[in-house]
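**Student:**
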Amino acid sequence: MTMSCSTDKALVLGGARSGKSRFAEQLARQRSQQHDAKCHYVATAVPFDQEMAERIHHHQTQRGQGWCEHEAPLYLAERLSQFGADDVVLVDCLTVWLNNWLLEFGEHASNEKLEQKVAQLASVVKESPAQIILVSNEVGLGVVPLGQISRLFVDNAGRMNQSLAQVCDNVTLIAAGLPLVLKSSGHQ
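Numbering (the working numbering), first residue to last: 4 to 191.
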């Protein structure tokens, strides 16, 4: 018998190679087992070069078997709206998704266009009956980038993380493989 999951939403933040994906995968597996729910992995990355293909392969190997895999390099909100109460969904990663939109918009990229995509995503996450675990890079801890497109990305990534943190029940920052709970509903 399948039980409905609670609708907890989680945001897992961290720098590159901080352990955020591993933490999020463990959380998804745990929730899936607790609620006898399907475990879904939604990938946002596109293997545009050999190094990215190797990163994707590393994550696939690290995850292991038992995941229903989906791709959503751009239309993430639409993909997430398809999941139900018996699903645990891990999205890795939001900053790659945001960068995909930045590239898609090209020279027409703007704060307004990116904020619209983030608002649509936040609304779907908030209303979804599924348990959703979002992974995102915390990119705003370094120096302010010199280039306009880089600043547009960093600024919007920061705003995106804030928007999604507002609709998530749990927010965890991963540094050096260690979790720091920033927001908690009382259970992960």
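Where a beta carbon is used, it is the ideal one built from N, C-alpha and C, also for glycine. Computed from a predicted structure; not experimentally measured.
Rounding to the nearest angstrom, what Cα-Cα distance links G161 and A40 in this structure?
**Tutor:** Here residue 161 corresponds to residue number 158 of the sequence shown, with the count starting at 1. Here residue 40 corresponds to residue number 37 of the sequence shown, with the count starting at 1. Approximately 32 angstroms, taken between the alpha carbons.
**Student:** I'd like the list of long-range same chain contacts for M4, defined as Cβ closer than 7 angstroms, with 5 residues on each side in sequence excluded.
**Tutor:** The sequence position of residue 4 within the sequence shown is 1, counting from 1. Note that M4 has pLDDT 29, beneath the 50 cutoff, so the model's placement of it is unreliable and no number is given.
**Student:** What do you get for T47, buried or exposed, if any count of 16 or more other CB atoms within 10 angstroms of its CB means buried?
**Tutor:** Against the sequence shown, residue 47 aligns to sequence position 44. With 16 or more other Cβ atoms within 10 Å, it is buried.
**Student:** Just to check my reading of the structure: S139 and N164 have Cβ atoms closer than 8 angstroms, yes? What is that Cβ distance to the nearest angstrom?
**Tutor:** Looking up residue 139 in the sequence shown gives position 136. Looking up residue 164 in the sequence shown gives position 161. The Cβ separation is near 5 angstroms, so the contact holds.
**Student:** Among residues of its own chain, excluding the 5 on either side of D172, which ones have a beta-carbon nearer than 6 angstroms to its beta-carbon?
**Tutor:** As a first step, residue 172 is located in the sequence shown; it is residue number 169 there, counting from the start. Excluding residues within five positions, the ones whose Cβ falls inside 6 angstroms are D11, K12 and S188.
**Student:** State the Cα-Cα distance for the pair I136 and C96, rounded to the nearest angstrom.
**Tutor:** Translated into the one-based positions of the sequence shown, residue 136 becomes position 133. Translated into the one-based positions of the sequence shown, residue 96 becomes position 93. In a straight line, the C-alpha of I136 is about 10 angstroms away from that of C96.
**Student:** If you run the structure through DSSP and keep just helix, strand and coil, what is R48?
**Tutor:** Taking the first residue of the sequence shown as position 1, residue 48 is located at position 45. The sequence shown places Ala at residue 48, not Arg. A48: coil per DSSP, three-state reduction.
**Student:** So, is Q85 buried or exposed, given that buried needs 16 or more other C-beta atoms within 10 angstroms?
**Tutor:** Numbered from 1 along the sequence shown, position 82 holds the residue referred to as residue 85. The residue is exposed, with fewer than 16 neighbouring Cβ atoms inside 10 Å.
**Student:** Check the DSSP bridge columns for L167 and list the partner residues they point to.
**Tutor:** On the sequence shown, position 164 is the one that residue 167 refers to. Answer is none; L167 lacks a bridge partner.
**Student:** Would you say G87 touches the ligand FMN, meaning its beta carbon is less than 7 angstroms from a heavy atom?
**Tutor:** In the structure on display, the ligand FMN does not appear, and there are no ligands present to speak of.
**Student:** Could you check how far apart the C-beta atoms of V15 and A27 are, in whole angstroms? I think they sit under 8 angstroms.
**Tutor:** Along the sequence shown, one-based indexing puts residue 15 at 12. Along the sequence shown, one-based indexing puts residue 27 at 24. 4 angstroms between Cβ atoms; contact.
**Student:** So, is H43 buried or exposed, given that buried needs 16 or more other C-beta atoms within 10 angstroms?
**Tutor:** Reading the sequence shown from its first residue, position 40 is the one you call residue 43. With 16 or more other Cβ atoms within 10 Å, it is buried.
**Student:** Please state the DSSP three-state secondary structure of L117.
**Tutor:** To locate residue 117, count along the sequence shown from 1; it is residue 114. Looking at L117 - three-state DSSP - the assignment turns out to be helix.
**Student:** Where do the ends of the alpha helix (DSSP H) carrying V15 lie?
**Tutor:** Sequence index remark: in the sequence shown, residue 15 carries index 12 (1-based). Where V15 is concerned, there is no enclosing alpha helix (DSSP H), although the beta strand (DSSP E) it sits in stretches over K12 to G17.
**Student:** Where does E51 land, buried or exposed, given buried means 16+ other C-beta within 10 angstroms?
**Tutor:** Counted from its first residue, the sequence shown places residue 51 at position 48. Inspection of the sequence shows that residue 51 is occupied by Phe rather than by Glu. The residue is exposed, with fewer than 16 neighbouring Cβ atoms inside 10 Å.
**Student:** Return the CA-CA distance between Q169 and L185, expressed in angstroms with no decimal places.
**Tutor:** As a working mapping, residue 169 is identified with position 166 in the sequence shown. As a working mapping, residue 185 is identified with position 182 in the sequence shown. Rounded to the nearest angstrom, the two C-alpha atoms are 12 angstroms apart.
**Student:** Is S131 closer than 8 angstroms to L83 when the C-beta atoms are compared?
**Tutor:** Here residue 83 is taken as the residue at index 80 of the sequence shown, counted from 1. Here residue 131 is taken as the residue at index 128 of the sequence shown, counted from 1. With a cutoff of 8 angstroms on beta-carbon distance, L83 and S131 are scored as near each other.
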